[in-house]
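Adding 24 to a residue's 1-based position in the sequence shown gives its number in the working numbering. Glycine included, each C-beta is placed from N, C-alpha and C at the ideal position. Note that the structure is a prediction, hence the values are computed from the model and not measured. Working notes, structure below.
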Amino acid sequence: MHDHRRLGRELALFDTDPLIGAGLPYWLPDGAVVRHTLEEYIREAEREAGYRHVYSPVLGKRELYEISGHWAHYSDDMFPPMELGAEQVVMRPSLCPHHALIYRSRSHSYRELPLRIAELGGMYRSELSGVLGGLTRVRAIQLNDAHVFCTLDQAVDEARAALDLIARAYADLGIEAARYRLSLPGEGGKYVADPELWRRATALLREVLDGAGVDYEEAEGEAAFYGPKIDVQIVDGAGREATLSTVQIDFHQPERFDLHYIGADGAKHRPVMVHRSVIGSVERAVAHLIEQHGGAFPVWLAPVQLVVLPVAGAQAACAEDVVRQALARGLRAELAGPEHGSLGARIRAARLVPYQAVIGEREAAAGLAAPRLRDGRRPEPVPVGELLDRVAEQVAARGTGLWGEGGEASGA
Numbered sequence: 025m026h027d028h029r030r031l032g033r034e035l036a037l038f039d040t041d042p043l044i045g046a047g048l049p050y051w052l053p054d055g056a057v058v059r060h061t062l063e064e065y066i067r068e069a070e071r072e073a074g075y076r077h078v079y080s081p082v083l084g085k086r087e088l089y090e091i092s093g094h095w096a097h098y099s100d101d102m103f104p105p106m107e108l109g110a111e112q113v114v115m116r117p118s119l120c121p122h123h124a125l126i127y128r129s130r131s132h133s134y135r136e137l138p139l140r141i142a143e144l145g146g147m148y149r150s151e152l153s154g155v156l157g158g159l160t161r162v163r164a165i166q167l168n169d170a171h172v173f174c175t176l177d178q179a180v181d182e183a184r185a186a187l188d189l190i191a192r193a194y195a196d197l198g199i200e201a202a203r204y205r206l207s208l209p210g211e212g213g214k215y216v217a218d219p220e221l222w223r224r225a226t227a228l229l230r231e232v233l234d235g236a237g238v239d240y241e242e243a244e245g246e247a248a249f250y251g252p253k254i255d256v257q258i259v260d261g262a263g264r265e266a267t268l269s270t271v272q273i274d275f276h277q278p279e280r281f282d283l284h285y286i287g288a289d290g291a292k293h294r295p296v297m298v299h300r301s302v303i304g305s306v307e308r309a310v311a312h313l314i315e316q317h318g319g320a321f322p323v324w325l326a327p328v329q330l331v332v333l334p335v336a337g338a339q340a341a342c343a344e345d346v347v348r349q350a351l352a353r354g355l356r357a358e359l360a361g362p363e364h365g366s367l368g369a370r371i372r373a374a375r376l377v378p379y380q381a382v383i384g385e386r387e388a389a390a391g392l393a394a395p396r397l398r399d400g401r402r403p404e405p406v407p408v409g410e411l412l413d414r415v416a417e418q419v420a421a422r423g424t425g426l427w428g429e430g431g432e433a434s435g436a
């Protein structure tokens, strides 16, 4: 069983410092590469799915969250307001109020819908110190969030498309969904009191799940304060379950922010707001990937994809040229020369790197490289260009193979 907290420090991916505070990890260079690569993957997937990206501030006036309902139903999980002159501003606990205002900033025709906007944005939650842990529960969160503003007739299709997008991302990342959960309200006053709203949204989400053909369970007390949601659950190596991805159908926020579009009849109509997050928080997603792969990330996610190992100092110049060629192709490559120890020691130190290229006297003379794969295989020496082409192909394919086998286990 892998613990992402231990591996994160051993592999220099992330760390914490008491002077920064609990639940506030910082990312080291290799961890930043993993995070950036994951974020770019999500942005690309969203662009292909018709989303447009926005930026919004991490602060908002208290009044914003009074309108959204967060202040009445969620303030225990928010940081206290800050005085700013005669106003109070709050670090946001979610992105949806800002996105509602982005929609409201322009008039919209029914012809523009569905309007899909997405953001990898920061938000902050006042988690108790006892529940904080590594990257899975933090106070500063980078959320992969998106909101689709659509007609009622479009809501089920948009929510189902969001589930499809989640499934594709899980396949690319090697994540396995443990189960799907329809999260419903429970007892108590933390939920918006509008039975008809809950009934309509729940019926639509059941239609989404039934149409997707996935098995799911219903769980009371797990809904958002403003509506039910579909949660995609994952399980870590210790058997602990957590929510990674969500899809929600929301009638509450459009009402609270008085959102509308002009219909074919020329009249104003209320849009439906579909919330969806493909990988949830970047922090939790990376924690799960660290544990699942044991630090041996798929080629396209690996902080270092290729280590070039000259056998002796005489091959250093040739090895440096291989690194330059790899970097020019957009690969993440490093040189580990004899000054870092014996060849055997350097090979062991790079055991989690997908590819090693050994350059001995014979290889240097012939323009070859002797590949060593992370799974233990040692193909015959190949021309340097061919090796780099193979690595680049695996990166572009975003598969789990290492030597042309797209579905093969990567030796993680």
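(request) Could you pull the start and end residues of the beta strand (DSSP E) that Thr267 belongs to? (result) Looking at the DSSP string, the run of the beta strand (DSSP E) that includes Thr267 is 265-274.
(request) Tell me where the beta strand (DSSP E) around Ser301 begins and ends. (result) Run containing Ser301: 296-301, per the beta strand (DSSP E) assignment.
(message) Among the candidates Ala394, Leu137, Leu197, whose CA atom is the shortest distance from the CA of Ala311?
(response) Relative to the Cα of Ala311, the nearest Cα in the group Ala394, Leu137, Leu197 belongs to Leu197.
(request) Going by CA-CA distance only, name the one from Gln316, Ala195, Leu187 that's closest to Val256. (result) Leu187
(message) Buried or exposed, going by whether 16 or more other CB atoms sit within 10 Å of the CB of Arg398?
(response) buried
(message) Suppose contacts are defined by Cβ-Cβ distances below 8 Å. Is Ala374 in contact with Ala393 by that definition?
(response) no
(request) Take every Cβ of the region 136-150, pair it with every Cβ of the region 63-74, and state whether three or more of those distances are shorter than 8 Å. (result) yes
(request) Write down every uninterrupted run of the beta strand (DSSP E) in the region 381-431 whose length is 3 residues or greater and which is fully enclosed by it, in chain order. (result) Scanning the region 381-431 for uninterrupted beta strand (DSSP E) segments of 3 residues or longer gives 392-397, listed from N- to C-terminal end.
(request) For Gly304, I'd like the list of residues in its chain whose CB is within less than 8 Å of its CB, leaving aside the five on either flank, ordered along the chain. (result) Leu167, Asn168, Thr267, Leu268, Ser269, Thr270
(request) Would you list, in sequence order, the uninterrupted beta strand (DSSP E) runs of no fewer than 3 residues that lie entirely inside the region 67-101? (result) Counting only runs of at least 3 residues, the region 67-101 fully encloses the following beta strand (DSSP E) elements, listed from N- to C-terminal order: 83-85.
(message) Between Arg294 and Glu279, how many whole angstroms is the CB-CB distance? I'm expecting something under 8 Å.
(response) 7 Å
(request) State the DSSP-derived secondary structure class of Val113, mapped to helix, strand or coil. (result) strand
(request) Return the bridge partner residues of Leu108 from the DSSP annotation. (result) Glu111
(message) Considering only the alpha carbon of each residue, which of Tyr194, Ala202, Ala248 lies closest to Glu211?
(response) With distances taken between Cα atoms, Glu211 lies closest to Ala248.
(request) To the nearest angstrom, report how far apart Val180 and Leu228 are at their CA atoms. (result) 6 Å
(message) Just to check my reading of the structure: Ala201 and Ile258 have Cβ atoms closer than 8 Å, yes? What is that Cβ distance to the nearest angstrom?
(response) So it is a contact: roughly 7 Å between Cβ atoms.
(request) Tell me where the beta strand (DSSP E) around Gln166 begins and ends. (result) 164-174
(request) Please check the pair Glu358 and Val346, which I expect to be a contact at CB under 8 Å, by giving their CB distance rounded to whole angstroms. (result) Wrong, their Cβ atoms sit about 11 Å apart, outside the cutoff.
(request) Would you mind giving the Cβ-Cβ distance between Gly251 and His276, rounded to the nearest angstrom? I have them listed as a contact below 8 Å. (result) 6 Å
(message) I'd like the span of the beta strand (DSSP E) that includes Val238, first residue to last.
(response) Taken as a continuous stretch (DSSP letters only), Val238 belongs to no beta strand (DSSP E), as it is neither H nor E.
(request) Return yes when the Cβ of Tyr285 is within less than 8 Å of the Cβ of Leu176, no when it is not. (result) No, these two residues do not count as a Cβ contact at 8 Å.
(message) On the DSSP bridge list, what partners appear for Gly145?
(response) Leu167
(request) In angstroms with no decimal places, state the Cα-to-Cα distance between Val419 and Gln349. (result) 16 Å
(request) Take Tyr127 as the anchor and find which of Tyr89, Ile383, Arg76 has the nearest alpha-carbon. (result) Arg76
(request) Have a look at Ile273 and Val232 and give me their C-alpha separation to the nearest angstrom. (result) Near 10 Å, if we compare the C-alpha coordinates of Val232 and Ile273.
(request) Please say whether His132 and Met297 have beta carbons closer to each other than 8 Å? (result) no
(request) On a CA-only basis, which of Leu159, Arg30, Asp260 is nearest Arg59? Give me that one, please. (result) It is Leu159 whose Cα lies nearest to the Cα of Arg59.
(request) Pick out whichever of Pro42, Ile66, Arg33 has its Cα sitting closest to the Cα of Pro53. (result) Arg33
(request) Classify Ser129 as buried or exposed, calling it buried when 16 or more other Cβ atoms lie within 10 Å of its own Cβ. (result) exposed
(request) Return the CA-CA distance between Ile314 and Arg372, expressed in angstroms with no decimal places. (result) 19 Å
(request) Find out if the Cβ-Cβ distance for the pair Gly354, Ala343 is shorter than 8 Å. (result) no
(message) Using 8 Å for Cβ pairs, my map puts Tyr379 next to Leu325. What's the rounded Cβ distance?
(response) With a Cβ gap of about 14 Å, Tyr379 and Leu325 do not count as contacting.
(message) Beta-carbon within less than 6 Å of Gly384's beta-carbon, same chain only, minus the 5 sequence neighbours each way: which residues are those?
(response) Non-local beta-carbon contacts of Gly384 in its own chain, meaning distances under 6 Å to residues more than five positions away in sequence, involve Val335 in chain order.
(message) What does the alpha-carbon distance come out to for the pair Tyr215 and Gln178?
(response) 26 Å
(message) Using the three-state DSSP reduction, which class does His28 fall into: helix, strand or coil?
(response) Reduced to three states, the DSSP call for His28 is helix.
(message) Tell me the residue span of the alpha helix (DSSP H) that contains Glu344.
(response) 340-352
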